[in-house]
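The next block holds one structure in the form of structure tokens; read it before the comments.
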Amino acid sequence: MSQHVRVRFAPSPTGPLHIGGVRTALFNYLFAKKHGGTFILRIEDTDQNRYVPGAEQYIVDSLDWCAIPFDEGPGREGDFGPYRQSERKDKYYAFAKALLASGNAYYAFDTAEKLTFHRKDHEAKGKTFIYNWHNRLKLDNSLSLSEDDVQKRIDNGEDYVIRFKAPQDETLHLQDEIRGDIQIDTNILDDKVLFKSDGMPTYHLANIVDDHLMKITHVIRGEEWLPSLALHVLLYRALGWDVPKFAHLPLILKPIGKGKLSKRDGDKLGFPVFPLQWEDPKTNETSSGYREDGYLPEAVINMLAFLGWNPGTEQEIFSLQELIDAFDLTRVNKAGAKFDPEKTKWFQQHYLQKADNAFIAKEFMGLLSQKSIVTTTEYVEKVVALIKERAVFISDLWNLGSYFFQAPSAYDEKAAKKGWKEHTGDIMKEVITVIDQVKVFDSKSLQEAVKGWITSNELGFGKVMQPLRLSLVGAMQGPDVFDIAITIGKEETIHRIQKAIDHLS
RNA sequence: GCUCCGUUGGUCAAAUGGUUAAGACACCACACUUUCUAUGUGGAAUUAAGGGUUCAAUUCCCUUACGGAGUACCA
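Put into structure tokens, the structure is as follows:
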């Protein structure tokens, strides 16, 4: 790539950033970094009606949490700002004017009501109303009206929009980096509005103007934009600009059922659809986020990278740097991918196992202090080392290992019934004595003492080991019993056995 | 409806004009921990259908079916 790569992620701040949006951002980021390029965040807020406070900050926070920060954007000014379209308002009109002057665009006065009427009317007849070559001369615009009329209406302050005049009888050959050649007959295109009556450009105009002004080399966006590609290319052509390369990413679909992944799927199936928790300022409704649910950003990124892309090797675990090195647009899939929450958990579990015990312990300490448990970092690290392999999330650690911090207050009924028999109490009394006599209280000595005692008394392991576990844990789970005993200490071990004898015998 | 895009196990997916059509998740079984996980081993399961082209098609072409997106003065 000879020119400096510049890509952009251009969301509109209409709510929290959806996981599909995060993936689009990720692929842009990976592509930029792979080619030593620049990753830009541009806020597309040309529709003032849909503006949601906090949404922009949410987008910025999400990208930062995912560790895919943008190089240029709001608050990180480069040479191409501002990066909010609402702040670039004055830039667009000149280009709409230029299009008007070159005959590629025209004024249109048709009211929204009238257009709605046409659409309904056509629909009733089983047809589709398209504002384009076959009817534009019959509608209320500068193509059908005299120059004087047009001027008069504008001078009178009448509302108008500027529409693109789509060319006729042409077959366009569009290039997509993922899909290859796409042919479009220009006669099916409609004359899209470029400039709205409120003085703001539409997405289409603002988008290509900014991409040009910001020297964007590659437009990597969701497949929902594919139908607009012809318009955009035509716009570049009409303005006499170089066309960037385009790549349309496959959509992320619902895990079950039909259609695009939506906010509701997450609620229904119990997994987050957003990177960060979001509270809707209007409804006060809270949507869960990956961060708050305990996912590590590395896991989310790794999972997202594999949705619609793969390296063609058997490697599945990738660090961000490895993703950058391996990423290739041509290896992006064409078909939409169903989202799999289970696989996300698998990635999460993997990254948690890989995470540093000190880090996990630190996070876990926060949870413990919420439960008013006083302990030491050293002790928590020991516990983490013993139980983390059973955990997917840090929050699992409590259910997995609460007995390291407090004696069981109840005993699993099934296990007690199965493991605690009539003579168990007597046996356990003897076990206390055996344990008490162990001088060096480490796993090896303890194990030798207890197992030796079992063997020489011909008791059978199950008769001792199971009640012992039940005494210490309260249930039939957890790591090696001797490790548990060593960790909680001799005194506590004996104390718990005695307690179990009192309760269960 | 129309336009465009797509279709390999339940899901994510690799590969090639000639292979036993990888691998992962999930599922099942077994082993290992005298517990629960984790792990290991194995199993079941796929080229949407029908036509061509070809010695040979999952791969190239066509049709059908199915899925998706778009069809706004929203992005």
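Letter 365 of the first sequence, counting from 1, is numbered 364 in the numbering used here, and no numbers are missing.
Don't be surprised by glycine CBs; every beta carbon is placed ideally from N, CA and C.
Bear in mind that the values here come from a model prediction, so they are computed numbers and not experimental data.
Residue i by DSSP, collapsed to three states: which one?
i	result
V437	coil
W132	coil
S286	strand
T37	strand
S11	coil
A390	coil
R178	coil
P340	helix
L351	helix
E278	strand
P466	helix
G451	helix
F305	coil
V373	coil
F404	coil
I431	helix
V6	strand
V51	coil
I483	helix
I426	helix
T127	coil
For residue i, which residues of its own chain have a beta-carbon under 7 angstroms away from its beta-carbon, when the five flanking residues on both sides are left out?
i	result
S141	Y105, Y106 and V149
P478	L385 and I386
P271	G265, S287, G288, Y289 and D292
W516	With the chain running from 0 to 504 in the structure shown, residue 516 is simply not present.
I493	I431, I434 and D435
G20	P10
L428	Here the sequence assigns Lys to residue 428, which means Leu is not the residue at that position. Answer for K428: I500, listed in chain order.
R389	L399
I403	Looking at the sequence itself, residue 403 is Phe, so the reference to Ile does not match. Here the set comprises V382, T486 and I487.
I'd like the list of long-range same chain contacts for residue i, defined as Cβ closer than 8 angstroms, with 5 residues on each side in sequence excluded.
i	result
K244	Q174, E176, T216, H217 and V218
A229	L171, L173, I183, T185 and L188
D441	I485
F460	K450 and I453
M475	D411, A414, G418, Q465, R468 and L469
G102	K164
L445	I434, V437, F481, A484 and I485
A448	V433, I434, Q436 and V437
Among the residues of its own chain, which have a CB less than 6 angstroms from the CB of residue i, if the five just before and after it don't count?
i	result
V463	I453
K33	I323 and F326
Q405	none
P166	T185
M302	T343 and F346
I58	P10 and L16
A70	The amino acid at residue 70 is misidentified as Ala; the sequence shows Asp. Result list for D70: T37 and F38, in chain order.
E508	One cannot answer for residue 508 here, as it falls past the ends of the chain, which runs 0 to 504.
M0	At M0, the pLDDT of 48 sits below 50, so the modelled position is not reliable; the number obtained from the coordinates is stated separately. Excluding sequence neighbours, M0 sits near H34.
What are the boundary residues of the alpha helix (DSSP H) that includes residue i?
i	result
L105	Here the sequence assigns Tyr to residue 105, which means Leu is not the residue at that position. Element bounds for Y105: not the alpha helix (DSSP H) but the beta strand (DSSP E), A104 to A107.
F507	Outside the displayed span of the chain (0 to 504) sits residue 507, for which this structure offers no information.
V505	The displayed coordinates of the chain run from 0 to 504. Any statement about residue 505 would go beyond what the structure contains.
I161	Here I161 belongs to no alpha helix (DSSP H); instead the beta strand (DSSP E) covers V160 to F163.
L503	K489 to L503
V208	Y202 to L212
V192	Careful: V192 lies outside any alpha helix (DSSP H), inside the beta strand (DSSP E) at V192 to F194.
R263	K262 to L268
R83	Taken as a continuous stretch (DSSP letters only), R83 belongs to no alpha helix (DSSP H), as it is neither H nor E.
K417	E412 to G418
Q56	A54 to W64
E321	L319 to A325
V149	E146 to D154
N398	D395 to G400
Could you tell me which residues DSSP puts in a beta bridge with residue i?
i	result
N140	A107
T170	D184
I219	A246
R22	DSSP output for R22 lists no bridge partner at all.
G72	R75
I42	R83
V331	W308
I251	A336
F273	G288
Looking at the secondary structure, which residues open and close the beta strand (DSSP E) in which residue i lies?
i	result
I255	I255 -> no beta strand (DSSP E), and no H or E assigned at all.
Taking 8 angstroms as the cut-off, does the stretch 55-70 touch the stretch 356-367 (at least 3 CB pairs, one atom from each stretch)?
Verdict: no, contact absent.
Using 8 angstroms as the threshold, is the stretch 427-442 in touch with the stretch 480-499, meaning 3 or more CB pairs across them?
The stretch 427-442, when compared against the stretch 480-499, does touch it at the 8 angstroms Cβ threshold.
Given 8 angstroms as the limit, is there contact between the stretch 189-199 and the stretch 128-144, that is, 3 or more CB pairs closer than that?
In short, these stretches touch, since the Cβ pair count reaches three.
Could you check whether the stretch 1-18 touches the stretch 26-40, counting it as contact only if at least three pairs of C-beta atoms, one from each stretch, sit closer than 8 angstroms?
Here the stretch 1-18 makes contact with the stretch 26-40; the two share three or more CB pairs at distances below 8 angstroms.
Across the stretch 309-324 and the stretch 81-94, are there enough close Cβ pairs to call them in contact, namely three or more that are closer than 8 angstroms?
The stretch 309-324 makes no contact with the stretch 81-94; the number of CB pairs closer than 8 angstroms stays below 3.
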